[in-house]
Each structure stands twice: as C-alpha cells, then as structure tokens.
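Participant: Just so you know, we're using this note's numbering here: the sequence shown kicks off at 3 and counts up by one.
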Amino acid sequence: MSVDLRPRSWTLPRRWPRGGPADRLDVQQMVPSLLPRDAVGNHVLATRRGLRRAGARSAIWAGYVHPALRGQARPYEELPEFRRGDRTPVILYEVASWSGGVAEFLLDRPEPKLLSYHNLTPPVFFSPYEAETAAWLRMAQTEVRRLSDHVRVAVAASEFNARDLRAHGVEDVHVIPPYLGPSLRARPDPGTLRRLRAEREGTELLFVGRLAPNKGQLHLIRLLSVLRAAVDPGARLLLVGAPGPPAYVLTLTRLIERLVPGSVVLAGQVSEAELAAYYAHADVFVCLSEHEGFCIPLVEAMRARVPVVASSAGAVAETLGGAGVVLDTRDPAAVAEVVDRIAGDPDLRAKLCARQLQRARELEDFPRTPRLLEALTAAVEAA
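Here you go:
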C-alpha cells in the first residue's frame with residue numbers, strides 16, 4: 003500500500019484556540035541515541051526544526067549524544083516535571099532500536115505520549131553474527147509491546163511499519179514519511195568523483211547502507227559475480243556504509259575474495275559530499291535488502307537520477323511508489339539481466355529517472371509538520 007501523498011487540510015480540535023495547535027504544544031522529543039549522518043538522527047533534528055517553525059516549543063532528550071551533536075540534546079534523565087500552563091507538554095518518542103532505559107523512563111511519565119516508529123530489524127538476521135545485537139533487538143521488541151499498551155496514537159514512517167503497531171493494538175497510526183537528510187542537497191566531492199571515473203572499467207553498481215545482515219550485501223556480491231561472468235567483466239560494486247557486525251563483515255569480505263576479488267569498493271562511512279559523488283557516478287542503484295522500514299537511500303538515488311533496481315522487501319516498494327524497477331526475486335541471474343538492460347539502454351534509463359525524480363519530489367513535498375501536528379493533537383486529546 004502506498005502512502006497517501008495528496009495535500010490535506012487539517013482542522014483544529016475544539017480544545018485548541020484559533021491560534022493553532024502548534025503554539026499550544028511543548029514537544030519533548032526522546033531518542034535512545036542522537037548520531038550524525040544517521041537517518042533517525044537527521045529525522046529528529048529536522049522534526050525539531052519543523053515544529054519550531056510552526057510555533058511549537060521543542061527540545062531533544064537522548065540516552066547518548068554523539069560528541070559532534072553535543073548541545074543539540076540533553077540526557078533524558080534531566081527531563082523536568084512539567085505543569086500544564088500556556089502550553090501542553092507531550093512526549094514524542096522515536097523507536098528505532100533498544101532504548102537502553104529511555105522507554106522505562108517515559109513509561110513513568112504522566113505527559114501524553116506519541117510513538118514515532120521507524121521499525122526494528124528482526125533479531126533473526128543478527129543471531130548468526132552478533133548475539134548481543136540480536137538480544138538487544140529482542141529487548142526492543144518487548145519495549146514496543148509494552149509501549150503499545152500505554153499509547154493510543156502513533157506515527158509510522160511507512161504503512162509497512164504501521165501494520166506492526168496495529169498488530170500490537172495501536173489503532174490510530176498516522177503514516178508520515180521521515181524527514182530527508184542533507185545528502186539530498188550536497189554537491190559531489192570533486193576528488194572522489196575524479197577517482198571513481200578514473201577507476202571505471204564497466205558498469206558501476208551502487209548500494210548505500212550499513213554493512214549489516216538484513217541489508218543484503220551478500221546478495222549483491224553474488225549478483226556482481228554473475229554480471230561479470232555473463233556480460234560485463236569490468237563491472238564493479240560500490241558499497242557505501244559503516245561496518246556492522248565484525249563476523250558479518252568477515253563473511254562479506256571472504257565472499258568478495260572468492261567470487262569477485264578486486265571488484266568491490268568498501269567505502270565505509272563517507273561525508274555528504276562524498277556520498278553525493280558516489281550517486282553522481284553510479285550507473286544503477288541496486289537494493290537487495292531483506293528488511294526495510296523505509297530506506298532513505300532509495301530516495302537519495304531517485305533524487306540523484308540513478309536508476310533503481312530493488313527487491314520487494316518491507317517498505318521498499320511503498321517508498322518507491324511505482325518508480326524504479328521492483329522485483330519479487332533476489333536471484334542473481336534474474337537481477338543481472340535487468341541491471342544489464344538498464345545499463346545499456348539510455349532511453350529506458352531516462353524514462354526510469356524521470357518517474358523516479360517525480361516520486362522523490364512527492365516525498366520531499368510531503369506536509370510532514372502539519373501531519374505530525376495532527377498526530378500530536380490526537381495524542382493529547384486521547385490522553
């Protein structure tokens with residue numbers, strides 16, 4: 003199911019004065035970790051900007067704040083007690099991982115609460131590689147179940163995510179795509195672009211995402227192996243993203259050495275300008291992930307005019323919204339055939355990119371702040 007992107011007016015609940023709901027709200031955003039160059043971190047900071055511009059008060063409280071963002075948030079334990087005065091306090095909690103104590107803390111708070119659900123990676127993906135992370139994810143799932151018993155209203159980044167919350171008993175779930183990060187606006191780094199162009203020998207495939215079991219990099223290596231053997235011996239795969247579990251990274255590098263030695267670039271975590279250079283250089287963006295709650299790199303690729311080929315998993319097809327090429331398989335031969343056709347057909351590339359750009363603009367123009375204010379208002383009214 004696709005997100006309804008049609009503009010919609012929003013009316014003021016009877017309890018709010020004519021000045022609007024925003025200037026009556028004091029929104030306390032809570033997040034387990036606030037990190038730079040992170041989809042949830044970007045979303046949290048952009049949410050605060052949007053709320054403040056609309057007239058609401060907003061502050062961020064976190065379990066951990068990266069040194070680069072010091073001053074943007076305070077420790078959640080310091081959240082003061084609020085007395086209802088000219089503004090109504092409401093807690094907006096971002097769910098994307100185990101909270102490390104934040105969830106327990108907010109369960110004891112009396113303020114109205116709104117969950118913002120980004121989804122949780124199923125622990126089964128991490129069990130073979132990192133037992134500790136799998137355990138954290140199981141604890142996070144338990145937290146979501148407990149939180150669902152104490153809230154009546156939530157927002158979700160996709161309809162796929164919303165179904166999770168409804169299954170836990172939260173009936174009033176507002177689907178609001180996440181705010182999009184600054185990488186959509188960065189200019190390509192010239193040095194990175196020159197290097198990539200000098201190294202090119204064939205089709206350049208790109209995927210952006212943490213090196214993690216659910217992200218499907220192992221499928222991409224097998225795809226590259228088939229593509230090089232069948233039609234394009236100079237093809238390369240560019241993997242941009244921070245390393246994940248060491249055991250998974252080791253499995254990945256061993257598969258590279260066995261199937262496609264010297265043909266994969268493990269770029270690691272890069273700057274916004276460097277990321278823009280990878281998008282500007284790539285021929286095809288390929289996503290064979292097995293679980294996605296939204297997948298912002300799909301939007302980045304569409305905005306950068308890179309044709310997208312993706313397997314349908316989680317919210318992938320929903321995010322693409324009819325753009326790109328969505329497959330119901332990860333079979334390397336089948337995917338390689340599609341990738342080769344797109345890489346060799348300029349007219350097809352142009353048609354795909356035109357529709358993708360339209361979809362990216364739809365997502366960029368989504369009225370996030372008005373929709374979020376509707377959800378915050380509903381949470382206050384339901385408390």
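We put the beta carbon where it would ideally sit given N, CA and C, even for glycine.
Could you tell me which whole beta strand (DSSP E) segments of length 3 or greater appear in the stretch 203–240?
Facilitator: DSSP runs (the beta strand (DSSP E)) wholly in the stretch 203–240: 206–210.
Participant: Look up W138 in the DSSP assignment and say whether it is helix, strand or coil.
Facilitator: In the structure shown, W138 sits in a helix (DSSP, three-state: H, G or I).
Participant: Is the separation between the beta-carbon of G103 and that of G65 shorter than 8 angstroms?
Facilitator: Yes.
Participant: How many angstroms separate the CA atom of S313 from the CA atom of T123?
Facilitator: Cα to Cα, the separation comes out at about 17 angstroms.
Participant: Mapping the DSSP letters down to three states, classify I178 as helix, strand or coil.
Facilitator: Coil.
Participant: Going by Cα to Cα distance, which pick from A159, N121, A156, V155 is closest to Q465?
Facilitator: With the chain running from 3 to 385 in the structure shown, residue 465 is simply not present.
Participant: Given E292, which residues of its chain have a CB within under 6 angstroms of its CB, disregarding the five upstream and five downstream residues?
Facilitator: Excluding residues within five positions, the ones whose Cβ falls inside 6 angstroms are N216, G218, A315.
Participant: Where does A156 fall in DSSP's three states?
Facilitator: If DSSP states are grouped into helix, strand and coil, A156 belongs with the strands.
Participant: Would DSSP call D166 helix, strand or coil?
Facilitator: Three-state result, D166: helix.
Participant: Restricting to runs no shorter than 4 residues, where is the alpha helix (DSSP H) found entirely within the stretch 305–345?
Facilitator: Correct list: 318–322, 334–345.
Participant: Considering only their Cβ atoms, is the gap separating H176 from V157 smaller than 8 angstroms?
Facilitator: For V157 and H176, yes; Cβs fall inside 8 angstroms.
Participant: Assign T90 to one of two classes, buried (16 or more other C-beta atoms within 10 Å of its C-beta) or exposed (fewer than that).
Facilitator: Burial call: buried.
Participant: Give me the DSSP bridge partner(s) of T90.
Facilitator: According to DSSP, which records beta bridges pairwise, T90 is partnered with L27.
Participant: What three-state label does DSSP hand Y131 in the structure shown?
Facilitator: Coil, per DSSP.
Participant: In whole angstroms, what separates the C-alpha of V228 from that of G324?
Facilitator: The alpha-carbon atoms of V228 and G324 are separated by roughly 27 angstroms.
Participant: How is the alpha helix (DSSP H) around V172 delimited, first residue to last?
Facilitator: Counting along the chain, V172 falls outside any alpha helix (DSSP H), and DSSP gives it neither H nor E.
Participant: Is it true that the CB of W100 sits closer than 8 angstroms to the CB of P34?
Facilitator: In contact: P34 and W100 (Cβ atoms closer than 8 angstroms).
Participant: Please list the terminal residues of the continuous alpha helix (DSSP H) segment that includes V251.
Facilitator: Residues 248–261.
Participant: Tell me which same chain residues have a C-beta within less than 8 angstroms of the C-beta of R238, skipping the five on either side of it?
Facilitator: E201, R202, E203, G204, T205, E206, L207, L226, S265, V266, V267, listed in sequence order.
Participant: Under 8 angstroms Cβ to Cβ from G52, same chain only, skipping five residues before and after it: list those, please.
Facilitator: Excluding positions up to five away in sequence, the list reads Y181, R370, T371, L374.
Participant: Please name the residue, chosen from A284, L359, L329, V262, that lies closest to R305 on a Cα-to-Cα basis.
Facilitator: Nearest C-alpha to R305: L359.
Participant: Three-state secondary structure (DSSP) at E96?
Facilitator: In this structure, E96 counts as strand in the three-state DSSP scheme.
Participant: Which residues does DSSP pair with L268 in a beta bridge?
Facilitator: According to DSSP, which records beta bridges pairwise, L268 is partnered with L241.
Participant: Among A188, E294, L116, A338, which residue has its Cα nearest to the Cα of A381?
Facilitator: Checked all of A188, E294, L116, A338; the closest Cα to A381 is L116.
Participant: Cα separation between V5 and E320?
Facilitator: Confidence at V5 is low in this model, with a pLDDT of 34, below 50, so its placement is unreliable and the value that follows should be read with caution. Approximately 7 angstroms, taken between the alpha carbons.
Participant: Report yes if the CB atom of L300 is closer than 8 angstroms to the CB atom of V310, and no otherwise.
Facilitator: Contact flag set, yes.
Participant: Roughly how far, in whole angstroms, is the beta-carbon of V242 from the beta-carbon of Y280, given that I think they are within contact range, below 8 angstroms?
Facilitator: Confirmed, about 5 angstroms.
Participant: Can you tell me whether D273 is buried or exposed, with buried defined as 16 or more other CB within 10 angstroms of its CB?
Facilitator: According to the sequence as given, residue 273 is Ser; it is not Asp. Answer is exposed; the Cβ neighbour count stays below 16.
Participant: Could you tell me whether the Cβ atoms of V155 and L94 are closer together than 8 angstroms?
Facilitator: Contact: no.
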